[in-house]
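Be aware that the sequence shown starts at 15, since it is given in this note's numbering, and climbs by one per residue. Where a beta carbon is used, it is the ideal one built from N, C-alpha and C, also for glycine. Working notes, structure below.
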Amino acid sequence: MFIIFGTKGYLYQLAILTLVCGQCGNPAAHTLRKRVTKFTLFFVPLIPISTKYQTQCTFCGAEQKIDAEQAERLQAQNAGVHGGQSHGQPQQQPYQS
15 MFIIFGTKGY LYQLAILTLV CGQCGNPAAH TLRKRVTKFT LFFVPLIPIS TKYQTQCTFC
75 GAEQKIDAEQ AERLQAQNAG VHGGQSHGQP QQQPYQS
């Protein structure tokens with residue numbers, strides 16, 4: 015009997031924010047992303063192993079890791095700016111690790 019297990023990653027784009035980039039200093043759009051790695055058994059994702067958040071500057075491409083609390087705060091600020099309106103579901107894109 016064979017048991018097939020492994021991991022699979024998912025990348026969610028949570029929001030697009032206007033921030034001043036720490037790398038290039040330009041006020042530019044930044045994407046807020048959530049990366050979740052899940053344990054798989056027989057190619058079925060079961061248990062989240064790790065969750066990481068990051069922002070990426072759309073001007074220079076610099077990425078900055080942030081913690082979950084900062085990500086929630088940025089999302090709340092973004093919802094307040096847009097009047098609490100949701101602009102669709104977060105985009106899910108599997109990545110290869």
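Close Cβ partners of residue i (< 6 Å) along its chain, the five nearest in sequence each way excluded
| i | result |
| --- | --- |
| lysine 66 | Arg49 |
| threonine 51 | Thr21, Gly23, Ile63 and Ser64 |
| phenylalanine 19 | Leu55 |
Alpha-carbon to alpha-carbon, residue j and residue i
| i | j | result |
| --- | --- | --- |
| glycine 23 | asparagine 40 | 31 Å |
| alanine 93 | alanine 76 | 24 Å |
8 Å Cβ cutoff met for residue i and residue j
| i | j | result |
| --- | --- | --- |
| leucine 28 | histidine 44 | no |
| glutamine 68 | arginine 87 | no |
Three-state secondary structure assigned by DSSP to residue i
| i | result |
| --- | --- |
| glutamine 70 | strand |
| leucine 31 | strand |
| alanine 42 | strand |
| glycine 94 | helix |
| glutamine 84 | helix |
Closest Cα partner of residue i within the set the options
| i | options | result |
| --- | --- | --- |
| lysine 79 | Thr21, Cys35 and Ile17 | Cys35 |
| cysteine 74 | Gln91, Lys52, Ala42 and Ile17 | Ala42 |
| cysteine 38 | Gln89, Gln70 and Ile63 | Gln70 |
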